[in-house]
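Here the structure comes first, spelled out in structure tokens, and everything after it is commentary.
Numbering (our numbering), first residue to last: 323 to 433.
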């Protein structure tokens with residue numbers, strides 16, 4: 323149900339209008355903060371660079387391919403260090419294996 327007017331931060335107003343128009347649930351970032359105080363971390367999935375959002379009940383990777391991984395679908399998570407040498411020591415990879423045996427490897431996440 324739309325209100326006559328809205329006041330507040332633009333992203334809050336947009337979210338409220340979107341929710342009122344579509345009756346869809348809008349997922350917002352939770353308590354996670356990166357070392358740069360952001361809601362996501364830069365990473366790569368397959369050959370595409372993007373951002374990975376650790377949310378309260380899922381992980382969401384954008385922009386391509388948009389990938390939603392629900393926590394309840396995860397079998398295990400494995401952190402992988404980069405081999406010694408070079409500047410890669412400041413990054414790690416995150417492997418998420420699903421109960422369906424499908425794997426998602428998020429590469430080059432800054433420590």
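The beta-carbon is built from N, C-alpha and C at its ideal position, and this holds for glycine as well.
In terms of Cα proximity to residue 377, the closest of 344, 401 and 351 is 351. For residue 389, there is no enclosing alpha helix (DSSP H); the residue is part of the beta strand (DSSP E) that begins and ends at 389-392. Excluding the 5 residues flanking it on each side, residue 426 has same chain C-beta neighbours closer than 6 Å at 418, in chain order. From the listed residues 353, 367 and 339, the smallest Cα separation to residue 347 is found for 339. Under the three-state reduction of DSSP, residue 395 is assigned to helix.
If you compare the alpha carbons of 341, 343, 387 and 412 with that of residue 369, the shortest gap goes to 387. When secondary structure is reduced to three states using DSSP, residue 354 falls in the coil class, being assigned neither helix nor strand.
By alpha-carbon distance to residue 431, the top candidate from 394, 389 and 362 is 362.
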